[in-house]
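So the structure is just underneath, and the comments pick up after that.
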Amino acid sequence: LESELTLANSESGENITIIITMAPSTSLLSAACAALAIVSPASAFVPTSSIASRQSSLSMVSKDGEISTSTRRGFFDNVASATAAIAGASTVLMNPSPAMAYGLNKANDRLASYGLPKLAGVPNGYSALAEIYGKGANRSPLLVAFGFPLDWVVTLPSQDVNGEDGTIQAGEYAKGDTATFFVVPNEGKADIQEKEKSFFKDALIAAISQKGSNIYQDFKVTKTEPVSVDGGKYVLVDFKYTLLTGAGFEVERKGVASVTSAGDGVQLLWAASIAARYKNKTEGSLRSIVQSFRCYADGLNFSADLRPAAEDF
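Following my numbering, the numbering of the sequence shown begins with 1186 at its first residue and continues without gaps.
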């Protein structure tokens, strides 16, 4: 495997070419690091913060693969950045990220295959999914779609001969930011915009307390807002609560949800984060996620996506 990278200094006219050649068993990451050390030993292990501080002086030109900079120092630092980018790409190729399986175009194509409108208003830099919830015979099928930040990880329900378990979720789990799909139990078809605030409180408590009623306290719905979009009725719900951890800590969390009624039940997507992060960083993104949420069932034929019942095996 051979890769070639050409870098140019727009001020001095200097050019440098890195050619990385390796055997099939050699890690691209190792080869990239070796090339970096050969070209500029002093910059081979430049801290990430140093590279980031110089990003404003860099200009990427895609036509000929050259990267130009206004200073000689920045030129050699670009070698570090570009080679690190190759190394990062190798990691993606060798260990595919779950996000690679998703994308706004893929989600919209799937929605279009069912004759449904595309997701609208998904921010730039977001991915999206359109997945079937209820492929197993133990659940009623639903088509669930929503956008989410590109670096979030997606989990889907598990399937076995006994049916389906789990739900559709995306999140940056290390920071406690999540968006989770939930089907409200024991609820039939409803005019969701006619429901009282207490209904949404009960539905969200059911969603956050699936692991037990002793993991939260002080739950409160702070705002509800009915919206109608793409032929469906939804209610946006702001809420907050205190999470009780197994270690005895109390963690304040805030979030927003979108509640709807598709098919023969009530469904919601709730997104939440630590209260401090919600206030300073995540509120906008969590609102974008739940506002993009769509759930469909009526009039759709899911037969091609469903798993056979256990007795059919």
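Think of the CB as a built atom: it goes at the ideal place given N, C-alpha and C, for glycine as much as any other residue.
Buried or exposed (CB count within 10 angstroms, at least 16 for buried), residue i
i            : result
residue 1432 : exposed
residue 1475 : buried
residue 1299 : exposed
residue 1416 : exposed
residue 1440 : buried
residue 1419 : buried
residue 1448 : buried
residue 1293 : buried
residue 1473 : buried
residue 1359 : exposed
residue 1342 : buried
residue 1312 : buried
residue 1430 : exposed
residue 1234 : Confidence in residue 1234 is poor, its pLDDT being 40 and thus under 50, which makes the residue's placement unreliable; the coordinate value appears in the next sentence. Residue 1234 comes out exposed.
residue 1316 : buried
residue 1310 : exposed
residue 1380 : buried
Whole-angstrom C-beta distance between residue j and residue i, which should lie under 8 Å
i            : j            : result
residue 1333 : residue 1297 : In fact, because the Cβ distance is near 20 Å, the residues do not count as touching under 8 Å.
residue 1385 : residue 1363 : Not a contact, Cβ separation roughly 19 Å.
residue 1329 : residue 1318 : 5 Å
residue 1339 : residue 1314 : 6 Å
residue 1387 : residue 1407 : Between residue 1407 and residue 1387 the Cβ distance is about 16 Å, and since that is not below 8 Å, they are no contact.
residue 1421 : residue 1394 : Not really, about 21 Å apart at Cβ, beyond 8 Å.
residue 1382 : residue 1446 : Rounded, the Cβ-Cβ distance is 16 Å, inconsistent with contact.
Residue i to residue j span [Cα, whole Å]
i            : j            : result
residue 1215 : residue 1337 : Bear in mind that the predicted position of residue 1215 carries a pLDDT of just 46, short of 50, making it unreliable; the figure below should be weighed with that in mind. One C-alpha to the other measures close to 27 Å.
residue 1392 : residue 1324 : 17 Å
residue 1452 : residue 1434 : 30 Å
residue 1389 : residue 1455 : 8 Å
residue 1459 : residue 1412 : 26 Å
residue 1425 : residue 1480 : 24 Å
residue 1164 : residue 1399 : One cannot answer for residue 1164 here, as it falls past the ends of the chain, which runs 1186 to 1498.
residue 1405 : residue 1331 : 25 Å
residue 1483 : residue 1450 : 11 Å
residue 1468 : residue 1478 : 16 Å
residue 1461 : residue 1305 : 29 Å
residue 1428 : residue 1401 : 5 Å
residue 1490 : residue 1350 : 16 Å
residue 1376 : residue 1370 : 16 Å
residue 1326 : residue 1302 : 19 Å
residue 1470 : residue 1348 : 33 Å
residue 1321 : residue 1492 : 5 Å
residue 1289 : residue 1352 : 20 Å
residue 1238 : residue 1466 : Unreliable positioning characterises residue 1238 in this predicted model, as indicated by a pLDDT of 40, which lies under 50. The coordinate reading is nonetheless provided below. So the alpha carbons of these two residues sit roughly 21 Å apart.
residue 1361 : residue 1486 : 36 Å
residue 1403 : residue 1437 : 9 Å
Where residue i falls: helix, strand or coil (DSSP)
i            : result
residue 1471 : helix
residue 1452 : strand
residue 1381 : coil
residue 1303 : coil
residue 1428 : strand
residue 1345 : strand
residue 1459 : strand
residue 1413 : strand
residue 1443 : strand
residue 1353 : coil
residue 1402 : strand
residue 1438 : strand
residue 1358 : helix
residue 1295 : helix
residue 1226 : The predicted position of residue 1226 is uncertain, since its pLDDT is 41 and thus under 50; a value taken from the coordinates is nonetheless stated next. Residue 1226: helix per DSSP, three-state reduction.
residue 1388 : helix
residue 1327 : strand
residue 1408 : strand
residue 1418 : strand
residue 1423 : strand
residue 1489 : helix
residue 1312 : strand
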